[in-house]
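One structure is given here, and the rest of the page talks about it.
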Amino acid sequence: MSVGLAQAMGLQFTQDWKLAVRSRSDWANPMIFFVLVITLLPLGIGPEVKQLAAIAPGMIWIVALLATLLSLDAMFRSDWDDGSLEQMLISPHPLPMLVLSKIAVHWLVTGLPLTLLSPLLGLMLSLPEAGYLPLIVSLFIGSACLSFIGAIGAALTVALRQGGLLISLIIMPFYVPVLIFGASAAMRAVQGFEYHGLLVMLGGFLALAVAGAPFAVAAALRISSEG
Amino acid sequence: MSVGLAQAMGLQFTQDWKLAVRSRSDWANPMIFFVLVITLLPLGIGPEVKQLAAIAPGMIWIVALLATLLSLDAMFRSDWDDGSLEQMLISPHPLPMLVLSKIAVHWLVTGLPLTLLSPLLGLMLSLPEAGYLPLIVSLFIGSACLSFIGAIGAALTVALRQGGLLISLIIMPFYVPVLIFGASAAMRAVQGFEYHGLLVMLGGFLALAVAGAPFAVAAALRISSEG
Amino acid sequence: MLALKDLSCERDNRLLFEGLSVTFGAGDIWHIDGPNGVGKTSLLRQITGVSRYHGGELRWRGRDVAECRYEFAQSLVYIGHTPGIKKALSARENLHHYCPAADTSALEGALAELGLYGFEDVPCFRLSAGQLRRVALARLALASEPFWVLDEPFTALDVHAIAALEQRLSAHAARGGCVVLTSHQPVNLPVQRLALGDYSVVPA
Amino acid sequence: MLALKDLSCERDNRLLFEGLSVTFGAGDIWHIDGPNGVGKTSLLRQITGVSRYHGGELRWRGRDVAECRYEFAQSLVYIGHTPGIKKALSARENLHHYCPAADTSALEGALAELGLYGFEDVPCFRLSAGQLRRVALARLALASEPFWVLDEPFTALDVHAIAALEQRLSAHAARGGCVVLTSHQPVNLPVQRLALGDYSVVPA
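Protein chains in written order, with full-length UniProt numbering: chain A, 1 to 227; chain B, 1 to 227; chain C, 1 to 204; chain D, 1 to 204.
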């Protein structure tokens with residue numbers, strides 16, 4: 001069956017999206033984790049409003065990063081296990097384009113819901129009013145960066161019987177700047193400083209990641225499937 | 001081959017221990033996670049010593065709880081997938097005793113290493129000197145509680161194709177008191193209050209868990225393997 | 001040895017079989033047959049006690065199985081579709097776990113019988129699907145249990161391994177043991193066939 | 001169609017095969033044979049391009065495969081040991097993903113041919129191993145690609161499905177297609193055998 005590239009990408013996206021929606025754990029786990037940690041915080045460190053507010057932007061960003069990190073292993077795992085990845089590798093269509101669709105779905109079911117949940121969690125941690133907009137915008141852009149960068153780690157470790165958090169060691173150097181810029185944006189806004197420059201930096205990261213990551217992921221998948 | 005109960009438990013323990021040691025992700029992932037989060041904290045919320053010190057005991061306890069939570073799904077997962085669980089179910093020996101050996105191994109490769117790592121992380125978060133002993137003792141007892149209670153959740157969800165963090169929703173009500181007593185012990189010690197009563201309470205939890213959990217886990221495994 | 005009386009099985013609100021009565025006797029080899037999805041594996045899980053909820057009755061040497069779980073479990077070897085082989089362990093370690101009483105030479109002999117000589121200490125994740133299955137089946141050479149239940153034992157085996165396994169099974173039956181197995185392939189043994197789907201017992 | 005020239009394969013520092021030269025032509029059905037662990041699956045992965053590092057050369061219709069990946073990939077159907085069936089999707093959805101051009105009645109016909117009538121919309125995790133494999137194989141009824149590579153297609157199939165598949169393969173060969181398959185079971189078709197392990201091509 002010969003189909004065009006656009007149709008092939010559409011098919012891939014449709015399948016990934018259906019699978020993600022039906023696989024409860026794909027979209028529910030990061031959110032459960034996100035809410036869980038933020039709920040545990042007052043229980044563990046005490047409910048003083050001032051203390052919680054001071055750490056709120058940073059904690060929300062850290063937890064969003066961890067939630068993404070924990071969801072990465074699943075990105076290519078089931079395709080690897082059930083042979084779909086082999087079918088992608090022998091497809092006539094360019095692998096980076098098929099990969100792009102998978103990354104997009106990953107962000108739609110992890111990064112985007114986390115972004116939308118973040119104001120609620122800000123409320124739970126008594127985040128001051130000035131922090132909400134920069135928090136949401138920085139998470140919106142930043143979580144997409146995390147999905148793109150994380151996909152490279154997921155592709156490199158998919159062949160290992162025990163990937164687990166090994167991914168995190170590989171990609172953490174690239175996650176740290178995203179975290180620092182993202183968390184600082186909300187923190188600076190709360191303190192009344194200028195923060196737009198930080199968001200622009202994040203946007204620059206994202207542009208780089210979108211342009212480069214699909215190719216790096218495709219190469220990593222080829223390497224993983226040898227041997 | 002007819003063997004005695006003690007020998008059967010010994011065989012089970014030996015196998016689980018060998019598997020855990022060879023399976024890098026079993027023992028490495030919780031520790032990587034633990035260190036990772038504590039390292040990210042100063043990056044996300046800023047490096048002010050006083051602020052970090054105030055949240056240190058609570059954060060270390062929360063992260064230890066999360067690390068345990070994330071390791072639970074694997075407790076019976078591979079036994080389920082490779083058929084070893086069926087073999088345990090038809091063993092002539094009482095299932096709760098075989099389960100006990102699995103829980104013990106789980107604690108040895110997650111709870112115990114986390115406990116031993118905790119002083120290092122206390123140092124990274126500038127935990128005041130008085131907090132170390134209660135932190136270590138509370139984690140030592142508390143993490144064993146977490147393994148025993150968590151095993152019940154793991155057994156109940158092992159049959160689901162997507163267990164994931166569903167476990168956490170089931171067992172969180174039982175984890176919260178452990179967290180509160182454990183974190184408060186270290187917190188109170190830092191503030192110069194009496195904390196031994198809290199540790200005694202934790203010990204009581206543990207006694208209950210050791211006596212009851214293996215039977216609950218065995219029943220849950222039987223239920224999971226029907227259908 | 002084991003008598004099934006009026007056994008029935010329901011799954012996902014679909015009745016797989018009902019009114020199944022048959023006696024697996026000493027010296028018998030039973031081949032449970034039927035199309036995909038008819039409940040062969042479910043039947044084996046009920047027989048072995050992996051699954052304990054079912055209609056009807058199971059009697060082990062005249063007693064209800066529920067009353068003599070320990071004796072029954074001590075007499076049973078079950079090698080299922082996923083046979084409980086740990087991929088991180090070697091063939092030798094896997095076999096030792098199930099047959100702790102066997103010494104080194106017995107273990108090696110059992111593995112060699114199925115063509116695994118030289119693979120004793122290779123971690124099982126390096127083995128092919130057929131080799132993995134043979135590690136599980138090597139247990140039979142060391143088993144003193146009389147009642148064997150095997151789910152698709154011939155799958156993924158090559159000709160030599162199939163021959164060795166068939167010989168092992170017929171020797172077991174000749175010694176008064178009992179074998180219950182499922183197989184998509186024809187079995188080169190004097191078997192009694194139980195065809196699920198039409199519930200008929202086909203004479204040997 | 002596809003010519004292998006002096007192909008070799010190394011895995012974990014062990015040479016699986018070398019100096020393999022053979023041409024899979026139009027109208028051929030090739031049965032790749034050999035004991036467990038000899039590299040049958042590795043060979044299929046090289047042929048299909050899942051694995052791209054190997055000694056020797058692969059020529060597709062006279063051109064090096066590396067120079068005509070797109071044409072080659074458009075002519076290929078590969079159904080591996082794990083055939084890319086998503087358990088959360090139904091048989092119909094799985095088949096549609098691989099054959100988007102086929103309409104409803106064609107999809108249903110392809111599934112019915114392998115005995116999956118009535119199972120079109122059941123999520124695949126409810127199907128047995130044999131039924132899952134049949135979902136993957138249903139693709140062949142809709143495939144216009146000439147070159148088919150099948151890893152153990154007969155495993156876990158019952159007699160009816162085996163017969164339907166054999167008929168499908170011989171019809172494909174008769175139309176000028178080419179089939180390369182591995183199988184532990186004997187194949188009831190006029191095949192050419194390539195025995196790995198002794199590298200010999202056994203005449204039909």
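We put the beta carbon where it would ideally sit given N, CA and C, even for glycine. The structure displayed is predicted, hence computed values, not measured ones.
C-alpha distance - residue i paired with residue j, whole-angstrom precision
i, j, result
"Leu65 (chain A)", "Gln51 (chain B)", "21 Å"
"His196 (chain A)", "Ile55 (chain B)", "30 Å"
"Arg126 (chain C)", "Leu89 (chain C)", "10 Å"
"Leu165 (chain B)", "Phe148 (chain B)", "17 Å"
"Thr41 (chain D)", "Ile167 (chain B)", "38 Å"
"Leu95 (chain C)", "Val135 (chain C)", "7 Å"
"Met1 (chain B)", "Val109 (chain A)", "Any reading at Met1 (chain B) must be qualified, since the residue scores a pLDDT of 48, below 50, and its modelled position is unreliable; the value itself is stated next. Approximately 51 Å, taken between the alpha carbons."
"Glu57 (chain D)", "Ala195 (chain D)", "19 Å"
"Leu139 (chain B)", "Met75 (chain A)", "33 Å"
"Ala138 (chain D)", "Leu202 (chain B)", "59 Å"
"residue 215 (chain C)", "Tyr78 (chain C)", "Here chain C has residues from 1 to 204 only, and residue 215 (chain C) is not among them."
"Trp107 (chain B)", "Ser143 (chain B)", "7 Å"
"Ile47 (chain C)", "Leu5 (chain A)", "53 Å"
"Gln12 (chain A)", "Glu152 (chain D)", "26 Å"
"Met9 (chain B)", "His184 (chain D)", "39 Å"
"Gly182 (chain B)", "His93 (chain B)", "36 Å"
"Cys9 (chain C)", "Tyr53 (chain C)", "9 Å"
"Pro190 (chain D)", "Thr155 (chain D)", "19 Å"
"Pro173 (chain A)", "Pro214 (chain A)", "19 Å"
Neighbouring residues, chain B, relative to residue i (Cβ below 7 Å)
i, result
"Ala88 (chain C)", "Leu19, Arg22, Ser23"
"His97 (chain C)", "Leu11, Gln15"
Residues that residue i contacts on chain B, provided the C-beta gap is smaller than 8 Å
i, result
"Val37 (chain A)", "Ile62, Leu66"
"Thr104 (chain C)", "Ordered by position in chain B, no residue passes the 8 Å Cβ test against Thr104 (chain C), which lies about 15 Å from the chain."
Contact with chain D by residue i, beta-carbon distance below 8 Å
i, result
"Thr23 (chain C)", "no"
Outcome for residue i when other beta-carbon atoms lying within 10 angstroms are tallied against a minimum of 16
i, result
"Pro203 (chain D)", "Caution is warranted here: a pLDDT of 47 is assigned to Pro203 (chain D), below 50, making its placement in the model unreliable, and no coordinate value can be reported."
"Arg45 (chain D)", "buried"
"Asn188 (chain C)", "exposed"
"Glu186 (chain D)", "Per the sequence presented here, residue 186 (chain D) reads as Pro, with Glu not at that position. That one is exposed."
"Arg63 (chain C)", "exposed"
"Asn29 (chain A)", "buried"
"Gly44 (chain A)", "buried"
"Leu169 (chain A)", "exposed"
"Asp12 (chain D)", "exposed"
Listed by chain order, chain C residues near residue i by CB distance under 7 Å
i, result
"Asn188 (chain D)", "In chain order: nothing, as chain C lies at least about 13 Å away."
"Asp158 (chain D)", "Pro35, Asn36, His184"
"Gly197 (chain D)", "The premise fails here: Gly197 (chain D) is roughly 11 Å from chain C at the closest Cβ pair, so nothing lies under 7 Å."
Amino acids of chain C, ordered along the chain, whose beta-carbon sits closer than 8 Å to that of residue i
i, result
"Arg126 (chain D)", "Asp12"
"Thr155 (chain D)", "Thr155, Ala156"
"Asp81 (chain B)", "Thr82"
Minimum Cβ-Cβ distance from residue i to chain C less than 8 Å
i, result
"Gly80 (chain D)", "no"
"Gly130 (chain D)", "yes"
"Cys9 (chain D)", "no"
"Val149 (chain D)", "no"
Cross-chain neighbours of residue i in chain A, by beta carbon under 8 Å
i, result
"Gln51 (chain B)", "Gln51, Ala54, Ile55"
"Met59 (chain B)", "Gly44, Ile45"
"Leu41 (chain B)", "Gly58, Ile62"
Cutoff 8 Å: residue i Cβ touching any chain B Cβ
i, result
"Gly192 (chain A)", "no"
"Ile29 (chain C)", "no"
"Leu70 (chain A)", "yes"
"Thr48 (chain C)", "yes"
Contact with chain A by residue i, beta-carbon distance below 8 Å
i, result
"Leu127 (chain B)", "no"
"Phe34 (chain B)", "no"
"Ser51 (chain D)", "yes"
"Ile85 (chain D)", "yes"
Listed by chain order, chain D residues near residue i by CB distance under 9 Å
i, result
"Pro214 (chain A)", "By Cβ distance, chain D contributes nothing, its closest Cβ being about 18 Å from Pro214 (chain A), past 9 Å."
"Ser101 (chain A)", "The contacting residues do not exist; Ser101 (chain A) stays about 13 Å from chain D at best."
Under 9 Å by beta carbon: chain B residues contacting residue i
i, result
"Ala73 (chain C)", "Ile90, Ser91, Pro92, His93"
Relative to chain D, which residues along the stretch 143 to 164 of chain A have a C-beta separation below 7 Å, given in chain order? Against chain D - using a Cβ distance shorter than 7 Å - the stretch 143 to 164 of chain A contributes no residues.
Taking only beta carbons into account, state which residues of the stretch 168 to 195 of chain B come closer than 8 Å to chain A, listed in chain order. Within the stretch 168 to 195 of chain B, the qualifying residues are Ser168, Leu169, Met172, Val176, Leu179, Ile180, Ala183, Met187.
Residues of the stretch 104 to 117 of chain B whose Cβ lies closer than 9 Å to any Cβ of chain A, in chain order: Result list empty, no residue passes.
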